[in-house]
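Notes to accompany the following structure.
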Amino acid sequence: MQKAISERLLHWGSILAMPKLVGIVTGGYTLLGAVTWARDELVKHNPADSAWHVVDFLPHWTFWQWGFGAVVIVLLSVLETSFQRRKEADVGHGGEVGKLNNEIVRLGRQIGELEERLKEGPTVLLSNVGNGINLRVESLRQDAINVGLVQVQTGNYFLNSDVVRLLKVGSTESLILHCYPRDAAGSLVRQGFSSPTLFFNGAFPEPEGETAGEVMESALTLLMERRMALLFDIAYSNLSGTQHYRSSFKVRWDRMQEAIVDVEPVETKIDRNPPTTAPPDVIPVQVAQLDFLEWHAGDSRSFPNSYGDAHPSWIAVRNTQDAPPRTARNVTARLEFEDSSGTTQFTVPNADWFVVQRIGTTKIESWRRDATIEAGDEQSFVLFATNDKRQVIISKSAGEPIGMLGYDKWRVRIIVTSDDGQGLEGELRFTYTRSNLARDHPAFHRIRTVPPTVRQKS
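Residue numbers for the sequence shown follow the working numbering, beginning at 1228 and rising by one.
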């Protein structure tokens, strides 16, 4: 209740904040009223005296006339203040529009540069040869390096390929595919030497129908009449390794022939998140996969509402590797706050996590500098905190604030790492003004995958 009243009083005060001209008129009016009162109450003249004095020239108004004049001045003050506020808003809006236009121009230039790089770089084509599962790659315009299939998966299998280290213009290379089950349990031979046919056949939908006859008819239709199309991405780089590209293809599979029957090019684009160029393991090591989940206030999770002397804002990270389950240990987060000029103003080397662990029906909560994230679970760390004056405070810990954000367009570089899980690097973008803190849409942009900090053994 007290907060609501104080907010209203501040707002009303801002409305009645008088501009200089209205203030001068109001001050003069008040002084005139005071002098008139002094004349009527303190200066007594002899009615028979014919001499005139200066005070006699002041207006002889009643109380109600003076009150009406005061109301007029207050009304003028409100109207003039409203006009001044509108002018300030127009100026601020014009500045924001100018910033947005500059950002549009900058992004347009970047797009043009990327298109030029795309035209200048190599283009890798994928094609099928003969029957069965025989794919080959060739490069146009320029030599390409580290050419390989970006890993794809169905419900039960993964598929990747050997990496072609150098693909010269005018030559072709076979793309050797490797298939292995998503379930890491069972025979090592099955894990290391599963046929790619299992991957393609496993991508087909199950037969549908209520009766045995309908199921049989659906199965025959799937087998005889339908060809399935899967989207494959081929990742590669230019010869110097400075630019990365990704070409997409529709690969059509005929289940009856158990063969790839057609490969259709879809698009080629700049690859902002190139995959690892390491060759695939015969029996791959599957690790935890960490991903950005959401930016939240903590209310729905019953998180602490106090961080130092302010209210924390949170980033949730999820471990998406749930089949087979893998745990990410020693998960840490680094934050770098950059203003609109690209200058890093604040750095948090190791953000605070509020870790929630569930053991049976027991829930254990604790503040930590690192987190353990189970398969399919999430944990959250502190991004920043906001005090009652709506100031955004950056802290290394709850008791160690290092500064406050100014009004600007901000980018927060977030780097999440783990000993035995694949982390992430990305940017969180928002605009902080006197009136509010507005998130971009979308607010988070993933940049790359960060490998485990401790090398895993096969």
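Here a beta-carbon is modelled for each residue, glycine too, at the ideal position from N, C-alpha and C. Note that the structure is predicted; figures quoted are calculated from it, not measured.
If you reduce the DSSP assignment to three classes, tell me which class Ile1331 lands in.
On the sequence shown, position 104 is the one that residue 1331 refers to. Three-state result, Ile1331: helix.
Contact defined as beta carbons within less than 8 Å: I believe Gln1470 pairs with Gly1322. What is the distance between those atoms, to the nearest angstrom?
On the sequence shown, residue 1470 is found 243 positions in, with the first residue counted as 1. On the sequence shown, residue 1322 is found 95 positions in, with the first residue counted as 1. Not quite, the Cβ-Cβ distance comes to about 36 Å (not below 8 Å), so this is no contact.
Return helix, strand or coil for Trp1522, following the three-state DSSP convention.
One-based indexing of the sequence shown puts residue 1522 at position 295. Strand at Trp1522.
Can you tell me whether Thr1381 is helix, strand or coil according to DSSP?
The count along the sequence shown starts at 1 and reaches residue 1381 at position 154. If DSSP states are grouped into helix, strand and coil, Thr1381 belongs with coil.
Give the C-beta separation of Pro1502 and Val1377 to the nearest angstrom, bearing in mind that I take them to be a contact with Cβ-Cβ under 8 Å.
Taking the sequence shown and counting its residues from 1, the one referred to as residue 1502 is at position 275. Taking the sequence shown and counting its residues from 1, the one referred to as residue 1377 is at position 150. At roughly 5 Å, the Cβ-Cβ gap stays under 8 Å, so Pro1502 and Val1377 are in contact.
My assumption, with CB atoms under 8 Å, is that Asp1647 sits in contact with Arg1556. Please give the rounded CB distance.
Counting from one through the sequence shown, the residue named residue 1647 turns up at place 420. Counting from one through the sequence shown, the residue named residue 1556 turns up at place 329. Correct: roughly 6 Å between the Cβ atoms.
Assign Asp1579 to buried or exposed, taking buried as 16 or more other Cβ atoms, counted over all protein chains shown, within 10 Å of its Cβ.
As a working mapping, residue 1579 is identified with position 352 in the sequence shown. Buried, since its Cβ has 16 or more Cβ neighbours within 10 Å.
Roughly how many angstroms separate the alpha carbons of Ala1278 and Val1299, rounded to a whole number?
Along the sequence shown, one-based indexing puts residue 1278 at 51. Along the sequence shown, one-based indexing puts residue 1299 at 72. For Ala1278, the predicted model reports a pLDDT of 49, less than 50, meaning its position is unreliable and no value from the coordinates is stated.
Which full runs of the beta strand (DSSP E) of 3+ residues lie inside the segment 1498 to 1584, going along the chain?
Complete beta strand (DSSP E) runs here, min 3: 1515 to 1523, 1538 to 1546, 1555 to 1565, 1571 to 1575.
If you run the structure through DSSP and keep just helix, strand and coil, what is Val1681?
For this step, residue 1681 is matched to residue 454 along the sequence shown. Note: Val1681 maps to coil in three-state DSSP.
Do you know how far the Cα of Leu1394 is from the Cα of Val1478?
Stepping through the sequence shown from its first residue, residue 1478 is reached at position 251. Stepping through the sequence shown from its first residue, residue 1394 is reached at position 167. Distance between the alpha carbons of Val1478 and Leu1394: 21 Å.
Please report the straight-line C-alpha distance between Ile1510 and Thr1660, rounded to a whole angstrom.
Position 283 of the sequence shown holds residue 1510. Position 433 of the sequence shown holds residue 1660. With a pLDDT of only 49 at Ile1510, under 50, the local geometry of the prediction cannot be trusted, and the value read off the model is given with reservation. The straight-line gap from Cα to Cα measures roughly 53 Å.
By the three-class DSSP mapping on this structure, what secondary structure does Phe1426 have?
Numbered from 1 along the sequence shown, position 199 holds the residue referred to as residue 1426. Helix, per DSSP.
For Lys1590, count neighbouring C-beta atoms within 10 Å of its own C-beta (all shown protein chains included) and say buried if the count is 16 or more, exposed if not.
If you number the sequence shown from 1, residue 1590 lands on position 363. It counts as exposed.
So is Ala1665 buried or exposed if we call it buried at 16+ other beta carbons inside 10 Å?
Within the sequence shown, the letter at position 438 stands for residue 1665. Under this definition Ala1665 is an exposed residue.
Considering only the alpha carbon of each residue, which of Thr1399, Leu1425, Glu1400 lies closest to Cys1406?
The sequence position of residue 1406 within the sequence shown is 179, counting from 1. It is Leu1425 whose Cα lies nearest to the Cα of Cys1406.
Taking the straight line between their C-alpha atoms, what separation do you get for Ser1422 and Glu1494?
Walking along the sequence shown from the start, residue 1422 turns up at place 195. Walking along the sequence shown from the start, residue 1494 turns up at place 267. C-alpha separation (whole angstroms): 28 Å.
Roughly how many angstroms lie between the CA atoms of Gly1319 and Tyr1634, to the nearest whole one?
By 1-based counting over the sequence shown, the position of residue 1319 is 92. By 1-based counting over the sequence shown, the position of residue 1634 is 407. If I take the Cα positions, the gap works out to 12 Å.
Quick one: Cα of Leu1688 to Cα of Ser1529, how far?
For the chain, the structure presents residues 1228 to 1685; residue 1688 sits outside this window and is missing.
Determine which residues share a DSSP beta bridge with Phe1671 and list them.
Mapped onto the sequence shown, residue 1671 falls at position 444. Paired residue(s): Leu1655.
Under a Cβ-count criterion, where at least 16 other Cβ atoms within 10 Å of its own Cβ denotes burial, should Leu1402 be classed as buried or exposed?
Translated into the one-based positions of the sequence shown, residue 1402 becomes position 175. It counts as buried.
Tell me whether Pro1423 counts as near the ligand NAP, meaning its Cβ is closer than 6 Å to at least one heavy atom of that ligand.
In terms of ligand content, the structure shown is empty, and the ligand NAP therefore cannot be addressed.
First and last residue of the beta strand (DSSP E) that includes Arg1482?
Reading the sequence shown from its first residue, position 255 is the one you call residue 1482. Segment: none, Arg1482 is in no beta strand (DSSP E) and carries neither H nor E.
Within 10 angstroms of the Cβ of Glu1565, are there 16 or more other Cβ atoms? Answer buried if so, exposed if not.
Against the sequence shown, residue 1565 aligns to sequence position 338. By the neighbour-count rule (16 or more Cβ atoms within 10 Å), Glu1565 is buried.
Starting from Pro1628, follow its DSSP beta bridges and name the residues at the other end.
Taking the sequence shown and counting its residues from 1, one reaches residue 1628 at position 401. The partner list for Pro1628 (beta bridge, DSSP) reads Ser1622.
For the beta strand (DSSP E) containing Asn1355, list its first residue and its last residue.
Here the question's residue 1355 lines up with position 128 in the sequence shown. 1350 to 1355 is the span of the beta strand (DSSP E), which, as asked, contains Asn1355.
Can you tell me whether DSSP reads Lys1496 as helix, strand or coil?
Here residue 1496 corresponds to residue number 269 of the sequence shown, with the count starting at 1. Three-state result, Lys1496: strand.
Going by C-alpha to C-alpha distance, which of Ser1662, Asp1518, Leu1610 sits closest to Ile1674?
Position 447 of the sequence shown holds residue 1674. The shortest C-alpha separation from Ile1674 is found at Asp1518.
For Arg1638, I'd like the list of residues in its chain whose CB is within less than 6 Å of its CB, leaving aside the five on either flank, ordered along the chain.
As a first step, residue 1638 must be located in the sequence shown, where it is residue number 411. Cβ neighbours of Arg1638 beyond the five flanking positions: Glu1565, Glu1654, Arg1656.
Would DSSP call Lys1326 helix, strand or coil?
Counting from 1 along the sequence shown, the entry for residue 1326 is found at position 99. DSSP places Lys1326 in helix when its eight states are reduced to three.
Please confirm whether Leu1353 and Ile1461 have their CB atoms less than 7 Å apart.
One-based indexing of the sequence shown puts residue 1353 at position 126. One-based indexing of the sequence shown puts residue 1461 at position 234. Against a cut-off of 7 Å, the Cβ pair of Ile1461 and Leu1353 comes out as a contact.
Applying the 10 Å Cβ sphere with the 16-neighbour rule, what's the burial state of Asn1546?
By 1-based counting over the sequence shown, the position of residue 1546 is 319. Asn1546 comes out buried.
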